[in-house]
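In short: position in the sequence shown from 1, add 2, done, that's our numbering.
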Amino acid sequence: MNLDIGKGEIVALVGESGCGKTTLARSLLGLVPPTEGRITFAGEPLSYSSRALRAYRKRAQLVLQDPSGSLNPRHTVYDAVAEGLRIHRTPGDERTAVARALSLAGLRPPERFFLRYPHELSGGQRQRVVIAGALALEPELIVADEPVASLDASVRGEILALLLRLREELGLSALVVTHDLGLAWNIADRVAVMYLGRIVEAGPVEEVLTRPRHPYTQALLSVLPEAPGEPVVLSGEPPDPTNIPGGCRFHARCHILASGEAERAGVADACRTKDLPVLGGHEAGVACHWATAREEAATGREGDTSRGEGASRDAGTSRTRDTSRTDDGAQGGDVASTTGG
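Written out as structure tokens, the structure is:
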């Protein structure tokens, strides 16, 4: 798969449990070497030597979903936040760095929390301590694995607002791993939908979540409370990841194939037998024979309409070709990127 995260960008990686989201996040942090492909950070391939990983982990930090499990119950808040500074022997005044990190995480005044223990804090405060521990090293990338899954609904919004504020104030990039499409909508710039170890759809969050193209994305969105129509019920269970079927990985559970729509589009055999190309790292796209066929057919109809309109114009009308080009302005380079089969 290819997945790029730009500077100051939040990318949400969504999909059901067991699809490989956390494994990808661990690979991005250098905890699990990829079996194929490579990971690059700031344009440089990630090296797996002890020295290189030590330097890299100052720049890329992890925030886990369970703050109670992330914090040592015998360590004070001060020690929890200072742990990374001590491991990496970060120069400068430790107390100042800890206070700054706690303040950035919304625990103010920070000195009030120095000598507290995790059991003396609320769930939201514990998660802020975990975030402060990551911020203490001034990273460029945060990988947040289900960062609000264990929190009360009333606290989730506060933590999401904190992550957005940190992006604005510090220019942080983030990969947010989640199965919650509502969270992706509220926090992400781009979203990548993952199924059985493969990204099947990716693009700007508004585009993917309001106009889904892949049948799996459509099924995920159909079960949201605010979704119109009946929810899509997928048949069976995801295939064994050690024995991935040929063709599209989703074809055994695909409601489009089961309903005959893929047959009518002329792609049913391709769905069952032909693998799909890996999506580009930063571009919007969908890995689906049916969606691609539909879009190609729609493009052909638009072309026919255009040609018909052109033929009906006055033959004496002069025509000019617009050679101007509009550049959208790409982001200033990718912070992190994964490339593989």
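Quick reminder that beta carbons are idealized off the backbone N, C-alpha and C, glycines included.
The model shown is predicted, which means the values in this text are computed figures rather than measured ones.
Can you tell me which of the options puts its alpha carbon nearest to the alpha carbon of residue i?
| i | options | result |
| --- | --- | --- |
| L236 | L172, E85, S224 | S224 |
| I12 | A155, L226, E170, R215 | E170 |
| V179 | L281, T98, L166, A194 | A194 |
| P206 | L55, G10, L172, D191 | D191 |
| L109 | G94, A134, P36 | A134 |
| D95 | G199, L139, G282, W292 | L139 |
| T37 | E142, M3, T98, L137 | M3 |
| G10 | L177, R114, G231 | L177 |
| A44 | S51, S29, R266, R61 | R61 |
| D81 | Q63, A103, T212 | A103 |
| A54 | T78, N245, T24, H90 | H90 |
| D182 | P227, L164, L143 | P227 |
| T78 | L143, I41, Q63, V131 | V131 |
| P141 | L31, Y50, I41 | L31 |
| R255 | E297, T25, A221, V65 | A221 |
Counting only the same chain and skipping the five closest in sequence on each side, list residues whose C-beta sits under 6 Å from that of residue i.
| i | result |
| --- | --- |
| Q67 | D147, E148, A151, S152 |
| S105 | P112 |
| R167 | none |
| R274 | G249, H253 |
| P47 | R40 |
| L143 | A62, S175, V337, A338 |
| A267 | W292, A295 |
| F64 | The amino acid at residue 64 is misidentified as Phe; the sequence shows Leu. Cβ within range, chain order: L31, V145. |
Excluding five sequence neighbours on each side, which residues of the same chain lie with their C-beta closer than 7 Å to the C-beta of residue i?
| i | result |
| --- | --- |
| A229 | L223 |
| D154 | G125 |
| A57 | none |
| R215 | E203, V288, C290, A293 |
| A270 | L259, A264 |
| Y362 | In this structure the chain extends from 3 to 343, so residue 362 is not present and cannot be described. |
| P120 | S70, L73, P75, R128 |
| V157 | G125, G126 |
Quick check on the burial criterion: 16 or more other C-beta atoms within 10 angstroms. Buried or exposed for residue i?
| i | result |
| --- | --- |
| S261 | exposed |
| G159 | exposed |
| D336 | buried |
| I201 | buried |
| T340 | buried |
| R315 | A caution first: R315 carries a pLDDT of 45, below 50, which makes its placement in the model unreliable, though a value can still be read off. Looking at its Cβ environment, which holds fewer than 16 other Cβ atoms inside 10 Å, R315 is exposed. |
| V34 | exposed |
| S19 | exposed |
| D242 | exposed |
| S99 | What sits at residue 99 in the sequence shown is Ala, not Ser. The residue is buried, with at least 16 neighbouring Cβ atoms inside 10 Å. |
| G173 | exposed |
| A163 | exposed |
| T322 | Its pLDDT being 32, under 50, T322 is placed unreliably by the model, and the measurement read from it follows with that caveat. When all chains shown are included, T322 counts as exposed. |
| A136 | buried |
| L5 | buried |
| G86 | buried |
Give me whichever residues DSSP pairs with residue i in a beta bridge.
| i | result |
| --- | --- |
| F43 | E46, A338 |
| I144 | Q63, A176 |
| T192 | Sequence check: residue 192 is Arg here, not Thr. In the DSSP output, where bridge partners are listed per residue, R192 has V13, P206. |
| N245 | None, per the DSSP bridge assignment. |
| G287 | A204 |
| D6 | S339 |
| Y197 | R200 |
Enumerate in chain order the residues of its own chain whose CB-to-CB distance from residue i is below 8 Å, with the five nearest sequence positions on each side excluded.
| i | result |
| --- | --- |
| D277 | G248, G249, C250 |
| P279 | A289 |
| A84 | E96, A99, V100, A138 |
| R118 | T78, V79 |
Shorter than 7 Å, the distance from the beta carbon of residue i to the closest heavy atom of the ligand MG, or not?
| i | result |
| --- | --- |
| T301 | Ligands displayed in this structure: none; no statement on the ligand MG is therefore possible. |
Complete beta strand (DSSP E) runs within the segment 56-104 (minimum length 3 residues, chain order): 62-65
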